[in-house]
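Please read the structure below before turning to the comments.
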Amino acid sequence: MYTKPSNGSPFRRARVASRMFRTYCVAVLAACAVAIGLPLQAPAAAAENGYRLSGPYTQNNLAIYLIHRESRNAGLAPITLAEAMKRGFVKVVETGSVSRLKVRNLGDREVFIQSGDIVKGGKQDRVLLTSLIIPPNSGFIPIGAFCVEQGRWAPRGLEDVSVFSASAYRMPSRAGKIAIMKSMQREAPPEAGRIGSLEERWPGLRIRPGARRRTGSYYQGEVWQSVGMMQDALGRAVRTRVADERSRTSLQLSLENKRLASARAGYEKALGSLLEKHSDAVGYVFAVGGRLNSGDEFESAGLFRKLWSRQLKAAATEAIAEKGAQRREQPTLAEVAAFIDAARVAKPAGRAMPGGMNLETRVADGTYYMEARRRNGRWVHRNFVARYPEFAVPAR
């Protein structure tokens, strides 16, 4: 997107002068738009990567930036996991392992699972780690998972512990998303040796005596920590305990809290119809309090439209949790583009996934990146998460 010619060349000087002029023009147009009360619609050109950006579209401390491009798949969009489970097309079942579940598609349409989807029920509520296309009439396909309900391994009320009943929410924590990213990149834990110190960092974390530090178990601990922190932050924001008495550690049950749902309603009303005005939008990036958080891009506008309400619900939840945080100026379109593009120049690591999918991961100074591809090499989903503590944007 932002090609840098060699220092000191006449071409570079011309590019700099041209860029300064374009920046001035965009600033003038933006000022005019703000003055007459219009949202900033001017796209950030990203010709090298074939997309453009618009926004920010804001509500309180949440800012949404849309990614526009020509859809890569003009066919029928896959069914979402939430829709498939509701209609009984997909079965998500326990395997006896916390970190692995099985999925089966009983229908005649592809089903899309997105990394970060939460499934309710089983022996523990889980968050799914990878994005997958489950083909029609598939057999059971394994999928990695982290627990988002520490301590339970038994029925909850009248729920069937062998299967999962619904997928209405997504992981609403950047720290949790980072833990998922690190685990999928097989990033080594920061300390070597035995893992007894984890019990000090995360009270209540149950680890088998003598167990050695493993990447999966370490990042499971980080997910539990992120759940606890999110529950505390949401409780302060909505002034009630969101931890449910049925299972106090369940992120799923906390997200179902009625007062939290009421707080989300304002965000959903303001931004829920955004895609009706932007038919070519295939993804988004969001910022909370002026800090870039994360984003997702999908193979088609049709798939994005199906998933938008889930994405917005999760982003709004993060915004509510950070309601009291200090705010800063909203990121510019150029900064959002830099965030998206940062990891694409980093060295990729790829591996085969169940169901004929392939996974590519990258990590840059400011961005974690994960891309799910079909067997034919066409990507289905791209996910970018700002690295902790935050994405370092250039000084303005």
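All residue numbers for the sequence shown refer to numbering that gives the first Met the number 0, where the first residue is 0 and numbers rise by one. Backbone N, C-alpha and C define an ideal beta-carbon position, used for all residues, glycine too.
Q | DSSP beta-bridge partners of His67 | A | Arg51, Ala280
(Q) Let's test the definition: count the other Cβ atoms within 10 Å of the Cβ of Gln113 and tell me whether it reaches 16, buried, or not, exposed. (A) buried
Q.
On the CB-based measure, 16 or more other CB atoms within 10 Å of its CB, does Trp152 come out buried or exposed?
A. exposed
**Q.** Leu291, DSSP secondary structure in three states
**A.** strand
**Q.** the region 335-346 in contact with the region 355-375 per 3-pair CB rule at 8 angstroms
**A.** yes
Q: Tell me whether Glu334 is buried or exposed, calling it buried when 16 or more other Cβ atoms sit within 10 Å of its Cβ.
A: buried
Q. Skipping 5 residues on each side, what residues in its chain have a beta carbon closer than 7 angstroms to that of Tyr50?
A. Ile66, His67, Arg68
(Q) Is Asn256 close to chain C? Criterion is C-beta to C-beta, closer than 7 angstroms. (A) Here chain C cannot be found, since the structure has a single protein chain.
Q) Quick one: what's Met369 bridged to in DSSP? A) Thr360, Asn382
**Q.** First through last residue of the beta strand (DSSP E) which encompasses Lys101
**A.** 99-104
Q. Taking only runs of the beta strand (DSSP E) that begin and end inside the region 75-142, which ones reach a length of at least 3 residues, in chain order?
A. 89-96, 99-104, 110-112, 116-120, 125-127, 131-133
Q. Any chance the region 298-310 sits against the region 374-384, with 3 or more Cβ pairs inside 8 angstroms?
A. yes
Q) For Asn375, does the count of other Cβ atoms within 10 angstroms reach 16, so buried, or fall short, so exposed? A) exposed
Q | Rounded straight-line distance, which links the Cα of Thr79 to that of Leu306 | A | 7 angstroms
Q.
Suppose contacts are defined by Cβ-Cβ distances below 7 angstroms. Is Asp116 in contact with Glu148 by that definition?
A. no
Q) Is Val147 helix, strand or coil when you go by DSSP? A) coil
Q.
Suppose you measure from the CA of Leu128 to the CA of Lys276; what does that come to, to the nearest Å?
A. 32 angstroms
Q: Could you tell me the distance, in whole angstroms, from the CA atom of Ser249 to the CA atom of Ser225?
A: 12 angstroms
Q | Identified DSSP bridge partners for Ser246 | A | Asp243
Q.
Less than 6 angstroms between C-beta atoms, sequence neighbours within five positions excluded: which residues of the same chain meet that for Glu221?
A. Ala178
(Q) Please classify Lys346 as buried or exposed, where buried requires at least 16 neighbouring CB atoms within 10 angstroms. (A) exposed
**Q.** Nearest-angstrom Cα separation, counted from Tyr218 out to Arg173
**A.** 13 angstroms
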